[in-house]
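Just so you know, we're using full-length UniProt numbering here: the sequence shown kicks off at 1 and counts up by one. For every residue, glycine included, the Cβ atom is placed at its ideal position computed from N, Cα and C. One structure is given here, and the rest of the page talks about it.
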Amino acid sequence: MKLGSLADFKASTGWIKNFKSPHGIRELQIEGESLSGDKNSAHKFKETFLQSVEEEGFSRDDVYNVDKTGVNWKALPRKSLTSKWESTALGFSQQGTCYNHGLCER
1 MKLGSLADFK
11 ASTGWIKNFK
21 SPHGIRELQI
31 EGESLSGDKN
41 SAHKFKETFL
51 QSVEEEGFSR
61 DDVYNVDKTG
71 VNWKALPRKS
81 LTSKWESTAL
91 GFSQQGTCYN
101 HGLCER
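Written out as structure tokens, the structure is:
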């Protein structure tokens, strides 16, 4: 028995769904880079930063809360195929073209 050429194969949406189901493959939303952050380092930084502010003689009024927002150009997909045993799809900080804007609140 001769199988068809792989070049001629076209998987329909239904075929893909029926293939993924018995093999335990599912699609999950990729979680942001916050999951891969180091919480211990963040806590240590906060303590060190506040100590430095006091040692340098700055007032807490001199400290601003700044966050960034941006547009990722040609970004990677936000979903990933995972096995049914995985509960999350970890993300990462993407490299590439990103247009950032700083937002500052006093």
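What's the C-alpha gap between K20 and G14?
-> Counting from one through the sequence shown, the residue named residue 20 turns up at place 20. Counting from one through the sequence shown, the residue named residue 14 turns up at place 14. Going from the Cα of K20 to the Cα of G14 covers about 10 Å.
Hey, is N65 close to the ligand NAD, as in C-beta under 6 Å from one of its heavy atoms?
-> Among the ligands in the structure shown, none appear at all, so the ligand NAD cannot be discussed.
Please go through the UniProt domain "HTH CENPB-type" (1-29) and give each complete beta strand (DSSP E) segment of 3 or more residues, from N-terminal end onward.
-> 25-29
Shortest alpha-carbon distance to H23 belongs to which of E56, K84, H43, N100?
-> Along the sequence shown, one-based indexing puts residue 23 at 23. Per the Cα distances, K84.
Report the rounded CA-to-CA distance for D61 versus E105, giving the unit in angstroms.
-> To locate residue 61, count along the sequence shown from 1; it is residue 61. To locate residue 105, count along the sequence shown from 1; it is residue 105. Rounded to whole angstroms, D61 to E105 spans 11 Å at the Cα level.
Hey, how far is the Cα of S12 from the Cα of T48?
-> Against the sequence shown, residue 12 aligns to sequence position 12. Against the sequence shown, residue 48 aligns to sequence position 48. Between S12 and T48, the C-alpha separation is close to 56 Å.
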